[in-house]
Amino acid sequence: MMFPQLSQFTDVALLLLRVMIGIVFITSGWNHVKDPEARSKDIEINKGFTIFLGAAELAGGLGVMFGVLTQLAAIGLILIMLGAISKKIFIWRSGFWGRSGTNGWSYDTMLVVMNLIILTTGGGNLFLMKWLGSLQ
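Taken in order, the sequence shown gives residues 3 to 138; the numbers are from this note's numbering.
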């Protein structure tokens with residue numbers, strides 16, 4: 003390792019990664035729940051599943067962000083993104099970068115990898131449940 007002294011910041015880096023994942027999924031989930039009619043047309047699924055998807059994104063995003071059932075939340079978000087990737091590949095037939103260079107499945111793949119990091123590391127040692135446990 004070229005800069006071993008940086009390893010002391012691993013937990014902070016994982017916290018920032020979790021916050022970023024949380025922001026992405028919370029805002030996406032909120033958009034699904036806020037206007038399921040419009041979102042269901044955009045992503046070409048029925049309204050009921052759009053609401054379910056939005057609730058799952060909200061719950062997973064909050065779980066990852068705050069460190070509550072972090073690994074389970076990361077698994078759920080990975081499954082959601084694998085569904086999005088498969089839809090983009092097999093139904094919409096968009097390439098890795100997409101037709102306009104921004105609407106492919108590259109972004110979705112990054113979110114899968116980000117959540118894999120959270121899944122395999124547990125998200126680090128800075129999380130809400132640890133803090134709440136120390137108050138008791």
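Every residue gets a Cβ at the ideal spot worked out from N, C-alpha and C, and that includes glycine.
Quick check on the burial criterion: 16 or more other C-beta atoms within 10 angstroms. Buried or exposed for Leu-113? buried
Alpha-carbon spacing of Ile-23 relative to Arg-101, whole angstroms: 25 Å
Rounded to a whole number of angstroms, what is the C-alpha to C-alpha distance between Val-14 and Leu-128? 7 Å
Where Leu-126 sits in the DSSP three-state scheme: Note that residue 126 is Gly in the sequence shown, not Leu. Reduced to three states, the DSSP call for Gly-126 is coil.
Can you tell which of Ala-61, Trp-94, Lys-36 has the C-alpha that lies nearest to the C-alpha of Leu-79? Ala-61
Going by the beta-carbon positions, is the gap between Gly-69 and Gly-31 smaller than 8 Å? no
Between the C-alpha atoms of Ser-96 and Ile-87, what's the straight-line distance to the nearest angstrom? 9 Å
Given a threshold of 16 other Cβ atoms within 10 Å of its Cβ, counted over all protein chains shown, does Leu-84 qualify as buried or as exposed? exposed
DSSP three-state assignment for Arg-95, whether helix, strand or coil: coil
Inter-residue Cα distance where the pair is Phe-11 and Trp-107: 31 Å
Considering Cα atoms alone, identify which of Lys-49, Phe-92, Arg-41, Thr-123 is closest to Leu-71. Thr-123
Can you tell me where the alpha helix (DSSP H) holding Gln-73 begins and where it ends? 72 to 88
Sequence-distant residues of the same chain with beta carbon closer than 8 Å to Val-66, five excluded per side: Arg-20, Ile-23, Gly-24, Phe-27, Thr-72, Ala-75, Ala-76, Leu-79, Asn-117, Ile-120, Gly-125
Who are the near neighbours of Lys-90 in its chain, counting only those whose CB is closer than 6 Å to its CB and skipping five residues on each side? Ser-96, Trp-107
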